[in-house]
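Working notes, beginning with the structure itself.
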Amino acid sequence: MKLTQMLKSTALVGSLGAAALLGAVAPAAQAAQEYLLTVTRPGHLQVIDMKTNQVERTCEVPGNFGSGSIALAPDGKSAYVLSNGMEDVYGFDIRSCDITFHAAQSTKTLKVKTFQSVAVSPDGKELYTVQNPFGLERDRFTVEQPRLAVFNVADGIGAQPVRTFPVDRRITKIATTVQGEVILGGGDVKAINPKTGEIRMVTPLQSWDKGPLWLPPDAFAMHSQGEQSNEYIMPYVTAEFTDESWNFETAEWWWGMSRVDLETGEAERVEMVPFEFIVFNFISHPHDPNILYGAFNTLSKHDISKKETVAVHEMPHTYYDLNISADGKTIYVGGASSDISIHDSDTLEKIGSIQLSGDMSTSDLRVATIRD
Amino acid sequence: MKHLKSLNKKAQLINKAISPEEVEDVVAMQTVVGCTATTDPGWELDPFGGLGSLCQPMESDLYGCADACWWPAQVPDTMNTYPDWNKDVAKANEDWRKLDGIYEDGE
Numbered sequence: 196m197k198l199t200q201m202l203k204s205t206a207l208v209g210s211l212g213a214a215a216l217l218g219a220v221a222p223a224a225q226a227a228q229e230y231l232l233t234v235t236r237p238g239h240l241q242v243i244d245m246k247t248n249q250v251e252r253t254c255e256v257p258g259n260f261g262s263g264s265i266a267l268a269p270d271g272k273s274a275y276v277l278s279n280g281m282e283d284v285y286g287f288d289i290r291s292c293d294i295t296f297h298a299a300q301s302t303k304t305l306k307v308k309t310f311q312s313v314a315v316s317p318d319g320k321e322l323y324t325v326q327n328p329f330g331l332e333r334d335r336f337t338v339e340q341p342r343l344a345v346f347n348v349a350d351g352i353g354a355q356p357v358r359t360f361p362v363d364r365r366i367t368k369i370a371t372t373v374q375g376e377v378i379l380g381g382g383d384v385k386a387i388n389p390k391t392g393e394i395r396m397v398t399p400l401q402s403w404d405k406g407p408l409w410l411p412p413d414a415f416a417m418h419s420q421g422e423q424s425n426e427y428i429m430p431y432v433t434a435e436f437t438d439e440s441w442n443f444e445t446a447e448w449w450w451g452m453s454r455v456d457l458e459t460g461e462a463e464r465v466e467m468v469p470f471e472f473i474v475f476n477f478i479s480h481p482h483d484p485n486i487l488y489g490a491f492n493t494l495s496k497h498d499i500s501k502k503e504t505v506a507v508h509e510m511p512h513t514y515y516d517l518n519i520s521a522d523g524k525t526i527y528v529g530g531a532s533s534d535i536s537i538h539d540s541d542t543l544e545k546i547g548s549i550q551l552s553g554d555m556s557t558s559d560l561r562v563a564t565i566r567d
Numbered sequence: 102m103k104h105l106k107s108l109n110k111k112a113q114l115i116n117k118a119i120s121p122e123e124v125e126d127v128v129a130m131q132t133v134v135g136c137t138a139t140t141d142p143g144w145e146l147d148p149f150g151g152l153g154s155l156c157q158p159m160e161s162d163l164y165g166c167a168d169a170c171w172w173p174a175q176v177p178d179t180m181n182t183y184p185d186w187n188k189d190v191a192k193a194n195e196d197w198r199k200l201d202g203i204y205e206d207g208e
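Just so you know, the protein sequences line up as chains A and B, in that order. For what it's worth, the working numbering labels the leading residue of the first sequence as 196, then goes sequentially. For what it's worth, the working numbering labels the leading residue of the second sequence as 102, then goes sequentially.
Structure representation (structure tokens):
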């Protein structure tokens with residue numbers, strides 16, 4: 196990285212000859228480099244080179260372990276980690292481990308927890324969290340209004356919110372669309388305009404109206420991923436009953452998902468495959484949105500155009516989340532314990548493993564792509 | 102209670118809270134999100150009434166339940182109450198013997 200920066204500097208101030216030299220190395224230097232990011236106990240941001248599948252860098256995350264929630268800057272060079280009991284956000288330059296940003300959300304009289312909800316604006320200039328505050332009175336707690344907090348990334352260490360807007364309770368993972376909205380995953384999937392605070396329904400879940408024969412969905416969205424398809428997935432379980440007696444034994448059980456296209460901000464909600472086993476997280480194949488992969492005690496592959504589970508690979512232990520290389524060929528399964536399991540996306544066979552220095556617990560498994 | 106009179110604001114609040122017409126309906130959460138919110142099966146029995154869809158082995162899931170205070174009755178809540186419970190054990194599957202129980206009297 197330093198060599199690249201040096202060459203750039205030379206080209207900027209140097210002769211035509213130096214510029215020609217830069218041009219000669221440019222194709223290699225500009226190839227996209229993918230890094231797999233996760234957080235391990237007691238507090239390390241692990242930066243893994245996806246070409247070699249080796250840990251390239253380990254960054255110290257201050258504070259007690261948070262949840263390992265990671266938000267990516269759009270240029271892939273910075274990552275923002277939720278730490279300190281889900282209260283603080285630290286920003287890292289993943290090329291050097293330098294801490295470039297810190298927001299301590301709690302004060303002496305107000306405790307603020309953020310349940311996974313961290314995201315960065317599409318221009319990389321703003322950072323968003325959903326804050327769940329409660330007051331620390333001398334003899335009691337007071338429940339306060341959850342809010343979207345907007346930080347300027349440029350404020351760096353000691354950043355304070357520049358705007359806040361009230362939002363629903365129970366919001367977990369969030370994401371930003373190309374248009375600049377923030378997708379809020381809670382009881383329903385909504386979107387907020389972080390300039391005005393205006394909220395719109397993207398796709399209902401708890402308030403859906405599918406008629407009396409459908410069980411209200413049980414949704415779970417703990418981990419942020421989807422960057423390889425620029426999408427946000429909220430998976431859910433539901434059931435279709437044969438009649439209004441709601442016999443759970445004869446009902447058809449389904450995995451469904453609300454999938455938001457972060458390019459357009461539009462969502463589809465589908466019941467995609469029969470509910471036969473637990474999946475913690477789904478991701479789409481980057482080149483085929485009908486192919487989904489799921490992770491938990493199994494790594495599974497699903498073709499939602501046929502509503503079929505097409506392959507299942509038993510895992511040696513529980514993994515919470517997964518991600519995929521941009522070419523769609525390699526799947527990384529992580530979370531929970533201290534190893535990332537690497538698999539071929541066609542066959543699901545295991546092709547490698549990355550041992551880490553601590554448990555990932557609830558941490559995200561994200562792919563940062565640097566293109567220069 | 103009719104012979105007792107509330108003397109301060111807090112006692113008046115308690116009286117108000119126990120009045121049945123003041124109690125809001127409790128609504129089950131269909132969407133599972135956040136600390137201590139879950140009543141889903143998952144620690145002792147899976148949603149199918151068996152064991153196959155529980156996290157396996159327990160050590161893999163231990164910190165995932167502790168850090169999010171997901172099952173605070175079964176696992177120490179490291180988010181709020183016991184942040185140092187596992188500070189010396191980075192890998193639960195290797196060093197689980199070093200993890201102790203929680204004893205409120207400090208013994």
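C-beta: ideal position from N, C-alpha, C; glycine also.
Strictly by DSSP, which residues pair up with Phe346 (chain A)?
A:Leu322
Taking only beta-carbon positions, decide if Gln157 (chain B) is within less than 7 Å of chain A.
Output row for Gln157 (chain B): interface = yes.
With 9 Å as the C-beta to C-beta threshold (strictly closer), list the residues of the segment 174-204 of chain B near chain A in chain order.
Thr179, Met180, Asn181, Pro184, Asp185, Asn187, Lys188, Asp189, Val190, Ala191, Lys192, Ala193, Asn194 and Glu195
Can you tell me which of the three DSSP states Asn116 (chain B) falls into?
helix
What does Ala169 (chain B) touch in chain A if you count any residue whose Cβ is under 7 Å from its own?
Ordered by position in chain A, the residues that pass the 7 Å Cβ test against Ala169 (chain B) are Ser262 and Thr557.
Give me the DSSP bridge partner(s) of Asn518 (chain A).
A:Tyr527
Cα-Cα, which of A:Thr337, A:Val468 and A:Thr445 is closest to Leu408 (chain A)?
A:Thr445
Return the residue from the list B:Glu205, B:Lys192 and B:Lys110 that minimises the CA-CA distance to Asp162 (chain B).
B:Lys192
With a Cβ-Cβ cutoff of 7 Å, do Ala266 (chain A) and Val345 (chain A) count as a contact?
no
Under the assumption that Trp450 (chain A) contacts Met467 (chain A) (Cβ atoms under 8 Å), give the Cβ distance between them as a whole number of angstroms.
With a contact defined as Cβ atoms closer than 8 Å, Trp450 (chain A) and Met467 (chain A) qualify at about 6 Å.
Give a yes or no on whether 7 Å exceeds the smallest Cβ distance from Gly150 (chain B) to chain A.
no
Partners in chain B for Tyr488 (chain A), counting only beta-carbon separations shorter than 8 Å
The contacting residues do not exist; Tyr488 (chain A) stays about 18 Å from chain B at best.
Mapping DSSP to helix, strand and coil, what is Ser50 (chain B)?
Any question about residue 50 (chain B) goes unanswered here, given that chain B covers just 102 to 208.
Can you check whether the C-beta of Thr513 (chain A) is within less than 7 Å of a C-beta belonging to chain B?
yes
Using 8 Å as the threshold, is the segment 333-343 of chain A in touch with the segment 414-423 of chain A, meaning 3 or more CB pairs across them?
no
Are Asn279 (chain A) and Gly261 (chain A) touching if we call contact CB-CB under 7 Å?
yes
Interface residues of chain B facing Ile473 (chain A) [CB-CB closer than 8 Å]
Asp147, Pro148 and Ser154
Please confirm if Asp554 (chain A) has its CB atom under 7 Å from at least one CB of chain B.
Look at Asp554 (chain A): its C-beta is under 7 Å from a C-beta on chain B.
Kindly indicate the opening and closing residues of the alpha helix (DSSP H) around Asn485 (chain A).
Asn485 (chain A) -> not in any alpha helix (DSSP H); beta strand (DSSP E) instead, spanning Asp483 to Ala490.
Neighbour list for Ser161 (chain B) in chain A, Cβ cutoff strictly below 7 Å
Per Cβ cutoff of 7 Å: His512, Thr513, Ala531 and Ser532.
Under the rule that 16 or more other beta-carbon atoms within 10 Å means buried, what is Lys308 (chain A), buried or exposed?
buried
How would you list, in chain order, the residues of chain B whose beta-carbon sits under 9 Å from the beta-carbon of Pro361 (chain A)?
Simply none; closest approach about 17 Å.
Trp186 (chain B) (DSSP reduced to helix, strand or coil)
In the structure shown, Trp186 (chain B) sits in coil (DSSP, three-state: anything other than H, G, I, E or B).
So, under 8 Å CB-CB, Asp534 (chain A) and Asn476 (chain A) are touching, yes? Tell me the CB distance rounded to an integer number of Å.
The C-beta distance from Asp534 (chain A) to Asn476 (chain A) rounds to 17 Å, too long to meet the 8 Å contact threshold.
Return the residues of the segment 389-415 of chain A that lie within a Cβ-Cβ distance of less than 9 Å from chain B, sorted by chain order.
For the segment 389-415 of chain A, which is checked against every Cβ of chain B, the residues closer than 9 Å are Leu400, Gln401, Leu410, Pro411, Pro412, Asp413, Ala414 and Phe415.
Have a look at the DSSP bridge pairing and note the partners of Gln374 (chain A).
Per DSSP, none; premise fails for Gln374 (chain A).
Could you confirm whether any beta carbon from chain B is found closer than 7 Å to the beta carbon of Met201 (chain A)?
Residue placement at Met201 (chain A) is flagged as unreliable, the pLDDT there being 35, under the threshold of 50; the coordinate-derived value follows with that caveat. Chain B contact via Cβ: absent.
With distances taken between CB atoms, is the gap from Gly165 (chain B) to Thr557 (chain A) smaller than 7 Å?
It is a contact, given that the beta carbons lie within the stated cut-off.
What's the gap between the Cα of Lys524 (chain A) and the Cα of Asp541 (chain A)?
Spanning the two alpha carbons is a distance of roughly 7 Å.
Looking at Ile565 (chain A): is its Cβ nearer than 7 Å to the Cβ of Gly375 (chain A)?
No. Outside cutoff.
Cβ separation of Pro237 (chain A) and Gly553 (chain A), assumed to be a contact under 8 Å, to the nearest whole Å:
Between Gly553 (chain A) and Pro237 (chain A) the Cβ distance is about 6 Å, and since that is below 8 Å, they are a contact.
For chain B, check one thing: does any of its Cβ atoms lie closer than 7 Å to the Cβ of Gly280 (chain A)?
Yes, its Cβ sits closer than 7 Å to a Cβ of chain B.
Per-residue DSSP class, three states only, for Asn476 (chain A):
strand
Which whole-angstrom value is the C-beta distance of Lys343 (chain A) and Val362 (chain A), which I expect to be below 8 Å?
A small correction: the amino acid at residue 343 (chain A) is Leu; Lys does not occupy that position in the sequence shown. Right, their Cβ atoms sit about 5 Å apart.
Cutoff 8 Å; reference Ala462 (chain A); Cβ partners in own chain excluding five residues on either side
Val384, Val397, Thr398, Ser453, Arg454, Val455 and Asp456
To the nearest angstrom, report how far apart Glu208 (chain B) and Pro177 (chain B) are at their CA atoms.
With a pLDDT of 49 at Glu208 (chain B), under the threshold of 50, the predicted position of this residue should be treated as unreliable, though the coordinate-derived value follows. Rounded to the nearest angstrom, the two C-alpha atoms are 16 Å apart.
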